[in-house]
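Engineer: Take a look at this one; I'll ask things after.
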Amino acid sequence: MEPAWVEDQLSGKRRMQFDLRGLTAFQQAVLRKTLEIPRGQVRPYGWIAREIGHPAAVRAVGSALANNPIPYFIPCHRVIRTDGLIGNYGGGGPEAKKSILTMEGVELKRLQQMAKSGLRYEGVRSTRVFCFPTCYHGRSAKAENVVLFHDESEAYAAGYRPCKHCRPAAVA
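First residue of the sequence shown? That's 0 in numbering that gives the first Met the number 0, and the numbers climb one at a time after it.
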């Protein structure tokens with residue numbers, strides 16, 4: 000049986016503090032931002048790069064995550080490719096990543112179908128807000144009230160604004 004603190008950390012009930020002093024400032028920023036991704040949700044590498052102020056450093060974000068010294072606890076499995084596909088995982092490969100995400104409640108089949116169709120965002124007609132497909136705020140909408148978008152510009156052109164919770168786009 001897992002110690003209670005391990006179970007709490009993995010379930011998202013508790014946030015432990017990690018000593019990341021042996022890493023570069025950039026690596027620390029990437030890993031700390033990764034800690035902000037809620038259980039049951041995913042974000043693309045580009046989101047982390049943008050959120051930490053280095054929007055062009057998508058590959059460097061991937062390298063920092065590949066060298067995560069504490070996988071599972073710092074949930075790099077919640078970071079996916081910019082094209083929406085799952086990608087690799089240093090904590091056991093893509094199959095391990097899929098298992099963990101499924102355990103956390105991510106609807107992988109739906110996420111992968113959207114990615115293969117080039118769809119990246121969900122909009123909610125009643126609120127005119129667009130989200131990442133795993134955002135809790137977008138997922139609560141009724142299916143008939145959801146519209147899918149290929150990119151941010153398509154969502155903006157349709158009169159939608161980015162979700163304030165999952166922050167799928169930089170606020171202009």
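Built from N, CA and C at the ideal position, the CB exists for glycine as well.
Between the C-alpha atoms of THR126 and HIS136, what's the straight-line distance to the nearest angstrom?
Structural biologist: Roughly 11 angstroms separates the two Cα atoms.
Engineer: Could you pull the start and end residues of the beta strand (DSSP E) that VAL128 belongs to?
Structural biologist: From DSSP, the beta strand (DSSP E) with VAL128 extends over 128 to 130.
Engineer: Under three-state DSSP, which class holds PRO93?
Structural biologist: In this structure, PRO93 counts as helix in the three-state DSSP scheme.
Engineer: Once the 5 residues before and after ARG42 are set aside, which same chain residues still bring their CB inside 8 angstroms of it?
Structural biologist: Here the set comprises ILE36, ARG77, VAL78, ILE79, PHE131 and CYS165.
Engineer: Determine which residues share a DSSP beta bridge with TYR120 and list them.
Structural biologist: Bridge partners of TYR120: PHE148.
Engineer: Mind checking whether ILE99 and LEU30 have CB atoms under 8 angstroms apart?
Structural biologist: For ILE99 and LEU30, no; Cβs fall outside 8 angstroms.
Engineer: Please classify GLN26 as buried or exposed, where buried requires at least 16 other C-beta atoms within 10 Å of its C-beta.
Structural biologist: The residue in question, GLN26, is buried, as its Cβ has 16 or more Cβ neighbours within 10 Å.
Engineer: Out of TYR120, GLY52, GLY39 and PHE17, which one is the CA nearest neighbour of VAL105?
Structural biologist: Ranking the options by Cα distance to VAL105, first place goes to GLY39.
Engineer: Please determine, among ASN144, GLY122 and GLY117, the residue with the shortest C-alpha to C-alpha distance to ALA156.
Structural biologist: Residue GLY122 is the option with its Cα nearest to ALA156.
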